[in-house]
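Asks: If you're matching positions, the sequence shown starts at 1 in UniProt numbering and goes up one per residue.
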Amino acid sequence: MAKVPGFAKAFAGRWRIVEMDNWDSDFLDLVEEAHLTFVGKSDGEIAFGALKGFLDVRYATRDGSACAEFSSEGHDENDPTCGRGWAMIGTAGRLVGHFYIHNGDDSAFVCERG
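1. For residue 119, which residues of its own chain have a beta-carbon under 7 angstroms away from its beta-carbon, when the five flanking residues on both sides are left out?
2. Under 6 angstroms Cβ to Cβ from M20, same chain only, skipping five residues before and after it: list those, please.
3. Would you call A12 buried or exposed, if buried means 16 or more other Cβ atoms sit within 10 Å of its Cβ?
4. Using only the alpha-carbon positions, how far apart do M88 and Y100 sit?
5. Would you call the CB atoms of V57 and A66 closer than 8 angstroms?
6. If you count every other CB in all the chains shown that lies within 10 Å of the CB of A47, and 16 or more means buried, which is it?
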C-alpha cells in the first residue's frame with residue numbers, strides 16, 4: 001500500500017453531512033445522522049437517507065489541494081449499493097465534495113466536523 005501523506009490527518013474523524021444538492025435535510029437524517037467518517041490509513045463510512053456504506057479511501061491532491069478519493073460498498077434499504085466520490089477541505093474548515101451512486105443519483109455535499 002502506498003504511503004499515506006501527512007495531510008490525511010486533516011480528514012480523520014467524523015464529519016456531519018449538512019447539505020446535499022439532491023436531498024433535503026429531513027431525508028439526510030432519515031435512518032441515522034448523516035455523516036462521512038475517515039478512519040486510519042484507508043477506511044471510512046458514509047451514511048445518509050437509508051444508504052450506509054463502507055469506504056476504501058486514497059489520499060491525493062486535486063487541483064493542488066488535499067483530497068480524499070473513495071469508493072463505497074454498502075446497502076440502501078437492504079439493496080446492495082456501491083459508489084465513489086471525493087472530498088476536499090473547503091472554506092471555514094468545511095468538507096466539500098461529490099458522491100456518485102453507481103447506476104444511480106449523484107450529489108455534491110458539504111460537511112462540518114462532528
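Using N, Cα and C, we set each Cβ at its ideal position, and we do this for glycine too.
Replies: Judging by the given coordinates:
1. Residue 119 lies beyond the range of the chain shown here (1 to 114); nothing can be said about it.
2. Locating residue 20 in the sequence shown gives position 20, counting from the first residue. Contacts found: S107, F109.
3. The residue labelled residue 12 in the question sits at position 12 within the sequence shown. With fewer than 16 Cβ atoms within 10 Å of its Cβ, A12 is classed as exposed.
4. The count along the sequence shown starts at 1 and reaches residue 88 at position 88. The count along the sequence shown starts at 1 and reaches residue 100 at position 100. Distance between the alpha carbons of M88 and Y100: 15 angstroms.
5. For the purposes of this step, residue 57 is identified with residue 57 of the sequence shown, where counting begins at 1. For the purposes of this step, residue 66 is identified with residue 66 of the sequence shown, where counting begins at 1. Cβ distance not < 8 angstroms, so V57 and A66 don't count as in contact.
6. In the sequence shown, counting from the first residue as 1, residue 47 sits at position 47. So A47 counts as buried.
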